[in-house]
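Engineer: Please see the structure below; I have some questions.
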Amino acid sequence: MLQLQPFCGHHFLHHHPIRPRGSALARRQCFKNTALTRQRHSLLIRQEAARLGFSFTGIAKAGPLDEEARHLEEWLHHGFHGQMQYMENNFDTRTDPTKLVPGAKSVIVLLHNYFPKEKQEDPDAPKLARYAYGEDYHFILKRKLKDLLAFIRQEIGEVQGRCFVDSAPVMERDWAKRAGLGWTGKNTLLIHPKAGSYFFLAELILNLELPPDQPMKDYCGTCRRCINACPTAAISPSGYLLDASRCISYLTIELRDETLPDEFRGKMDNWMFGCDVCQEVCPWNRFASPHNEPAFEPKLELMKMKNSEWRELTKEVFQQVFKKSAVKRTKYEGLKRNIDFL
């Protein structure tokens, strides 16, 4: 258990008035020690997260996301989520972490770099978003989060918490923004000033109080590169608003129709799974450096596949090339649909 002097708690202070003289000094010292303890816990967690391979760690105070909830409600009202009906589910849980972890006090947000050293060799081949080059990040990051939570319990005490990697109703980018890990760009992605946007997000929601980080200011300025470059005009003219139903990532991954909408024919920029256009043109990604996670290294045969091989893709080759890959989410039929549409 987290060991603090018993009179530090709010309940004790409220019901047992501090007597004058030495006890007042002791009270001040107690709160000072508590603050130092929280700082120490924060440092321990950040150091272990770095050891596990996370690039950046931020901490936010847990609580309702009232302003963000209003924006989400308006976004859903306009139908910008397309067929992603799950975005409408668990609205209250999505906007309040205490409904996921009762008594939650802190949201630890972690960024994990996935920017690869290589690109697909054939410039004419159908393109794959860089995040999907290696193994499915959900499983890799979940294991690391569980290791981090085990470390916290070993070093600090019986902390209650849960791990999240893009698989539960958690507003990841909003928490990352609150945790001081960057700002929401005009393409609606989180941008870190020292490393760009090629990151996976992961969270630990804990009932452990930790000193929160301060949010960053927005440094997009007057830049419009992502807005102008989007092949399907999915980003609003003023930025900061994405019509996901027009986004190539949505069309190639989330949309389950037998064929893609005809209005997007000739506008897919040769992307068969996901899209990196708004990241490729972002000036902040000039700071992106290659990751060092072995599990995210691409298979050699995937990088070497030519346009003709993709066009003639068989189910057997799909299973071999995308074993343990996030691409399996769209299944063979979905990827073949996308390739045939290009």
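Quick note on numbering: the working numbering labels position 17 of the sequence shown as 604, and the sequence is numbered without any gaps.
Heads up, the beta-carbon is just placed ideally off N, CA and C, and yes, glycines get one too.
This structure is a prediction, so every number in the text was calculated from the model and none was measured.
(1) In three-state terms, what does DSSP make of ILE727?
(2) Suppose you measure from the CA of PRO802 to the CA of LEU768; what does that come to, to the nearest Å?
(3) Starting from GLU953, follow its DSSP beta bridges and name the residues at the other end.
(4) Report yes or no: do the segment 685–699 and the segment 646–662 share at least 3 C-beta pairs separated by less than 8 Å?
(5) Note down, in chain order, each residue of its chain lying with its Cβ closer than 6 Å to the Cβ of TYR827, except the 5 sequence neighbours on either side.
(6) Per DSSP, ASN700 forms a beta bridge with which residues?
(7) Thinking TYR718 and GLY808 are a contact (beta carbons under 8 Å), I'd like their distance in whole angstroms, please.
(8) Determine the contact status of PHE751 and HIS699, defining contact as a CB-CB distance below 8 Å.
(9) Can you grab the Cα-Cα spacing for the pair ALA755 / THR682, in whole Å?
(10) Name the residue from LEU732, GLU708, ASP723 and LEU623 whose alpha carbon lies nearest to the alpha carbon of THR917.
(11) What is the DSSP secondary structure of LYS692, reduced to helix, strand or coil?
(12) How long is the line joining the alpha carbons of TYR701 and LEU788, rounded to whole angstroms?
(13) Can you tell me whether ASN925 is buried or exposed, with buried defined as 16 or more other CB within 10 angstroms of its CB?
(14) Hey, how far is the Cα of ARG614 from the Cα of ARG627?
(15) Counting Cβ pairs, one atom from each stretch, are 3 or more of them under 8 Å apart for the segment 825–843 and the segment 664–677?
(16) Can you tell me whether ILE743 is helix, strand or coil according to DSSP?
(17) Please report the straight-line C-alpha distance between PRO625 and PRO798, rounded to a whole angstrom.
(18) Name the residue from ASP753, ASN894 and PRO651 whose alpha carbon lies nearest to the alpha carbon of TYR673.
(19) Output yes or no for whether 8 Å exceeds the beta carbon distance between LYS891 and VAL908.
(20) Please report the Cβ distance between ALA875 and GLY783, rounded to the nearest whole angstrom; I am assuming they are in contact, meaning their Cβ atoms lie under 8 Å.
(21) Since MET855 is in the beta strand (DSSP E), which residue starts that stretch and which ends it?
(22) Please report the straight-line C-alpha distance between PHE928 and PRO818, rounded to a whole angstrom.
(23) Any heavy atom of the ligand FMN closer than 7 Å to the Cβ of ILE727?
(24) Cβ atoms of ASN794 and VAL688: under 8 Å apart, would you say?
(25) Using CA coordinates, which residue listed in GLY921, ASP830, GLU888 and TRP871 is at the minimum distance from PHE786?
(26) Which of helix, strand or coil does DSSP assign to ALA613?
(27) DSSP on LYS902, reduced to helix/strand/coil?
(28) In terms of alpha-carbon separation, which member of GLU896, PRO877 and PRO651 lies closest to VAL757?
(29) May I ask you to report which of helix, strand or coil DSSP gives THR809?
(30) So, helix, strand or coil for THR775, using DSSP?
Structural biologist: From the atom records:
(1) In the displayed model, ILE727 falls within a helix according to three-state DSSP.
(2) Distance between the alpha carbons of PRO802 and LEU768 is about 7 Å.
(3) Since the first residue of the chain shown is 588 and the last is 929, residue 953 is not available in this structure.
(4) The segment 685–699 is in contact with the segment 646–662.
(5) The answer, listed in chain order, is LYS773.
(6) Under DSSP, ASN700 forms a beta bridge with PHE786.
(7) Distance from TYR718 to GLY808 at the Cβ level is roughly 26 Å; contact not present, criterion being Cβ atoms closer than 8 Å.
(8) For PHE751 and HIS699, no; Cβs fall outside 8 Å.
(9) So the two alpha carbons sit approximately 12 Å from each other.
(10) Closest option to THR917, Cα to Cα, is ASP723.
(11) In the three-state DSSP reduction, LYS692 falls in the coil class, being neither helix nor strand.
(12) Taking C-alpha positions only, TYR701 is separated from LEU788 by approximately 11 Å.
(13) Burial call: buried.
(14) Because the pLDDT at ARG614 is just 43, under 50, the model does not fix this residue reliably, and the value given afterwards should be weighed accordingly. In a straight line, the C-alpha of ARG614 is about 20 Å away from that of ARG627.
(15) With the cut-off at 8 Å, the segment 825–843 and the segment 664–677 touch.
(16) The DSSP-derived three-state label of ILE743 is coil.
(17) The amino acid at residue 625 is misidentified as Pro; the sequence shows Arg. Cα-Cα distance, rounded: 6 Å.
(18) Comparing Cα positions, the closest option is ASP753.
(19) Against a cut-off of 8 Å, the Cβ pair of VAL908 and LYS891 comes out as no contact.
(20) So it is a contact: roughly 4 Å between Cβ atoms.
(21) MET855 -> no beta strand (DSSP E), and no H or E assigned at all.
(22) PHE928 and PRO818: Cα-Cα distance of roughly 15 Å.
(23) No copy of the ligand FMN occurs in the structure displayed, which carries no ligand at all.
(24) Between VAL688 and ASN794, the CB-CB gap stays under 8 Å.
(25) Nearest C-alpha to PHE786: TRP871.
(26) Only weak support is given to the placement of ALA613: the predicted model assigns it a pLDDT of 48, under 50, and the question is left unresolved by the model.
(27) Helix.
(28) With respect to the C-alpha of VAL757, the residue from GLU896, PRO877 and PRO651 having the closest C-alpha is PRO651.
(29) DSSP places THR809 in coil when its eight states are reduced to three.
(30) Residue state, collapsed to three classes: coil.
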